[in-house]
Amino acid sequence: AQSVAQPEDQVNVAEGNPLTVKCTYSVSGNPYLFWYVQYPNRGLQFLLKYITGDNLVKGSYGFEAEFNKSQTSFHLKKPSALVSDSALYFCAVREVSGGSYIPTFGRGTSLIVHP
Amino acid sequence: DGGITQSPKYLFRKEGQNVTLSCEQNLNHDAMYWYRQDPGQGLRLIYYSQIVNDFQKGDIAEGYSVSREKKESFPLTVTSAQKNPTAFYLCASSISDYQPQHFGDGTRLSIL
Chain A
1 AQSVAQPEDQ VNVAEGNPLT VKCTYSVSGN PYLFWYVQYP NRGLQFLLKY ITGDNLVKGS
61 YGFEAEFNKS QTSFHLKKPS ALVSDSALYF CAVREVSGGS YIPTFGRGTS LIVHP
Chain B
116 DGGITQSPKY LFRKEGQNVT LSCEQNLNHD AMYWYRQDPG QGLRLIYYSQ IVNDFQKGDI
176 AEGYSVSREK KESFPLTVTS AQKNPTAFYL CASSISDYQP QHFGDGTRLS IL
């Protein structure tokens, strides 16, 4: 079975500081990994994905994530946070072969960037 | 612009009433999904469809029904059997199972 954990319900960071939103996953084989962002009363927007290849993935709005197979993690990062980055962030995982082809979503992490 | 349109944005249900949430996409995606979002619980899968005229139950299908008569459309009916329907409902589509999902802007359902 596949699962994903976002251990922090909320992350607070000052504008201009680096930010990290954590995600760990569990699959039997290899994973497809995704990050999405959700603004209030809106749907989820895709940020970036890891399918294969380079462990450092760059995505939209200056975000990046590092795939770490040994630690089964896919943390979302940004070098310098903006107030406009404040939103709800979701990590999702899908096992490459076998199991369900439907991605499993984490419970979400609320990012608050203070001016 | 291609995308997913959900309507209405807000919906109110009376006791014993069935209501239908609309989801239309013009992305030519084969797969479509319905999720329920409650505060602090992430997204829970209600139903999904990989192809026209076929759909499968997700994790919380009880009290809901769907149809997939056209590739572009995947309406969700919240029946009177769903005793706690108040939630934010999200529709999504994807071109394949390893590509990201595209989401609509949701329908917020409340009980009158």
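Taken in sequence, the protein lines are chains A and B.
Using my numbering, read the first sequence as starting at 1 and increasing by one per residue.
Using my numbering, read the second sequence as starting at 116 and increasing by one per residue.
Beta carbons are placed, not taken as given, at the ideal position from N, Cα and C, and that holds for glycine.
Identity of the residues DSSP links to residue i by a beta bridge
i        : result
A:HIS75  : A:GLU66
B:GLN140 : B:ILE119
A:LEU111 : A:VAL11 and A:ALA87
A:GLU95  : A:PRO31
B:ALA146 : B:SER209
A:LEU82  : Answer by DSSP bridge pairing: none, since A:LEU82 is not bridged.
B:ALA202 : B:LEU224
B:TYR125 : B:ARG223
A:ALA5   : A:THR24
B:VAL134 : B:VAL193
A:LEU44  : A:GLN38
Under 8 Å between C-beta atoms of residue i and residue j
i        : j        : result
A:VAL93  : A:TYR39  : no
B:PRO215 : A:PHE90  : no
A:VAL13  : A:ALA81  : yes
B:ALA146 : B:TYR162 : no
B:TYR179 : B:LEU191 : yes
A:ASP9   : A:SER73  : no
B:GLY157 : A:GLY43  : no
A:VAL21  : A:LEU56  : no
B:GLU184 : B:ASN168 : yes
B:GLY219 : B:GLN132 : no
A:THR104 : A:GLN2   : yes
A:ASN41  : A:VAL96  : no
B:VAL181 : B:LEU224 : no
B:PRO200 : B:ILE175 : no
DSSP three-state assignment for residue i, whether helix, strand or coil
i        : result
A:ASP54  : coil
A:VAL27  : coil
A:TYR39  : coil
B:SER208 : strand
B:SER195 : coil
A:TYR154 : Outside the shown range of chain A, which is 1 to 115, sits residue 154 of chain A, and nothing can be said about it.
B:SER188 : strand
A:SER60  : helix
B:VAL167 : coil
B:SER182 : coil
B:ILE175 : coil
B:GLN214 : coil
B:GLN156 : coil
Rounded distance between the beta-carbons of residue j and residue i, thought under 8 Å
i        : j        : result
A:CYS23  : A:GLY106 : 6 Å
A:LEU19  : A:LYS78  : 5 Å
A:PHE34  : A:LYS49  : 5 Å
B:CYS206 : B:TYR148 : 7 Å
B:ARG151 : B:ALA202 : 5 Å
B:LEU142 : B:SER208 : 6 Å
A:VAL83  : A:VAL37  : Between A:VAL37 and A:VAL83 the Cβ distance is about 14 Å, and since that is not below 8 Å, they are no contact.
Requested in this report: Check distances from the C-beta atoms of the stretch 48-74 of chain A to those of chain B and list, in chain order, the residues that come in under 7 Å.
Outcome: LYS49 and ILE51
Query - Residues within the stretch 131-161 of chain B neighbouring chain A, beta-carbon criterion of under 7 Å - result: GLY155, GLN156, GLY157, LEU158 and LEU160
Query raised in the report: Of the residues that make up the stretch 78-110 of chain A, which ones have a beta carbon closer than 9 Å to any beta carbon in chain B?
Result: PHE90, ALA92, ARG94, VAL96, TYR101, ILE102, PRO103, THR104, PHE105, GLY106, ARG107 and GLY108
**Report entry** Residues in the stretch 29-47 of chain A having any Cβ partner in chain B nearer than 8 Å
**Finding:** Answer in chain order: TYR32, PHE34, TYR36, ASN41, ARG42, GLY43, LEU44, GLN45 and PHE46.
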